[in-house]
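Visitor:
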Amino acid sequence: MAMIKKHIRELVSYVPGEQPEAGSVVKLNQNENAYPPSPRVIEAMREFDGRLLRQYPDSASRELRSALASVYGVKESQVFCGNGSDEIISLLFKACLDENSKIAMPYPTYSLYKTAADMHRVACEFVPANGDFTVDTDRLLRAGEQAQAIFLVNPNNPTGLVLPVETIEALLKNYRGLVVIDEAYMDFAEPDQSAVRLIDAYANLMVLRTFSKSYALGGARVGYAFADDRFIAALDKCKDSYNLNGMSQRIALAALHDQAYLRTIVNRIRQTRDRFAGQLERCGFEVIPSQANFVLCRPRFAHAEALYRRLLQQRIYVRYFPVPRLDDWLRISIGTEEEMEIMINSLTSARAAFM
Ligand SMILES: *Cc1c(COP(=O)(O)O)cnc(C)c1O
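Numbered by this note's numbering, the letters in the sequence shown go through residues 36 to 390 in order.
Shown next, in the form of structure tokens:
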């Protein structure tokens, strides 16, 4: 019998949202961007010289790091690029968190952290959110005292709630361990709430970002991180030599250089989101106020799971989490105006059918 490490045998895999075959489906279950990437990305792909695939890519993604440094106003030595933020999360465990140590994070949040922790034999202390899903930061800080790191997703997934940057700074002032802020959805939030500006002041802060959501590049797998030079150097030591493929480096650069397009699609999604949230409330849902490209909502007229199954039959995919605190709720990604209209029509008729 092949030998497999005990903790890997027992590991519960991360479960991503379903990926249906293409066709007439409304797919609002993975927080993918409703719109295609910038035309400059398509252009960069067309211009990419396939003969260059013979060569290895730049192992340090230098051009991309330097462009990110100038867009975000940080030093190049404070930037890391990875094969999606998922890779960076895994590297962070490799580089920073000892086996048998502990991390603290709110519950509910992005479940990949638990999987990554299990894989690296790190324990997780979950701090339950308040009744309205806001983060109990005092309790989180207390849990953090017994832990090597605190992880926060901001805006949080799956709630869409934002912790003000002042609260994050207060946390940093009172905590000596590592603080990881995952800002995968920050571009969809109100401006000036990012923790990136705190990087210089707090050497124990790491901010994660991604091209997967706001830049509409989930398929290209490019994530990035900002932190003190020392942390970036540690991630560099642990990464595979060529962690980010050459094509994705070009694609991400092209997307980054089209900030006007980013603003356009992000604004459109925010408008759709706010309109859709209002429609949901009128349709009999409790809605958590979201600053991301999804909303967490609870149907008052049916069980969330029954509604989820009904939508599936209509080839409409949303996210249902059969776990404590979330099993009354659905997370619905914000699609195009047309998709959200199909969505709300379908919910309206579901409501009539259930009542
Ligand atoms: C979608 C998401 C990411 C993105 O991961 P990538 O590997 O960059 O695609 C990261 N963090 C959270 C909380 C997410 O929801």
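Glycine residues also receive a C-beta, built at the ideal position from the N, C-alpha and C atoms.
Given the structure is predicted, the values throughout are model-derived calculations rather than measurements.
#1: Using 8 Å for Cβ pairs, my map puts V215 next to V109. What's the rounded Cβ distance?
#2: For C318 and W364, what's the separation of their Cα atoms in angstroms?
#3: Just to confirm the assignment, what range does the beta strand (DSSP E) spanning T245 have?
#4: Excluding sequence positions up to five away, which residues of its chain have a Cβ less than 8 Å from the Cβ of H42?
#5: Report all residues for which the CB-ligand distance to some heavy atom of ligand 1 is below 5 Å; order them along the chain.
#6: Report the option in T150, T144, K149 whose CA atom is closest to the CA atom of A164.
#7: How far does the beta strand (DSSP E) with S368 in it extend, from its first residue to its last?
#8: Out of curiosity, what's the CA-to-CA distance linking M80 and A255?
#9: List the DSSP bridge partners of M80.
#10: Among F336, R174, V322, R386, which one has its Cα closest to the Cα of I367?
#11: By DSSP, does F336 sit in helix, in strand, or in coil?
#12: Report yes or no: do three or more beta-carbon pairs, one from the segment 321-341 and one from the segment 217-227, lie closer than 8 Å?
#13: On the premise that C116 lies in contact with L252, defined as a C-beta separation below 8 Å, what is that separation, rounded to the nearest angstrom?
#14: How long is the line joining the alpha carbons of R391 and I379, rounded to whole angstroms?
#15: Quick check for students: name the residue ranges of the alpha helix (DSSP H) that lie wholly in the segment 131-185, counting only runs of 4 or more.
#16: Please classify R360: does DSSP put it in a helix, a strand, or coil?
#17: Between the Cα of F246 and those of K40, P71, S48, A37, spot the shortest distance and give me the residue it belongs to.
#18: Indicate whether A339 and Y355 have their beta-carbon atoms separated by less than 8 Å.
Guide: This is what the structure gives:
#1: With a Cβ gap of about 17 Å, V215 and V109 do not count as contacting.
#2: 15 Å
#3: Bounds of the beta strand (DSSP E) holding T245 are 240-245.
#4: D153, M154, R156
#5: G119, S120, D121, Y145, V188, N192, D217, A219, T245, S247, G258
#6: T144
#7: First-last of the beta strand (DSSP E) with S368: 365-368.
#8: 11 Å
#9: Looking at the DSSP assignment, M80 forms no beta bridge with any residue, so it has no partner.
#10: The residue with the shortest Cα to Cα distance from I367 is V322.
#11: coil
#12: yes
#13: No, L252 and C116 are not in contact; Cβ-Cβ is about 13 Å, not under 8 Å.
#14: Outside the displayed range of the chain (36 to 390) lies residue 391, so it cannot be described from this structure.
#15: 147-154, 172-180
#16: coil
#17: The candidate whose alpha carbon is nearest that of F246 is P71.
#18: yes
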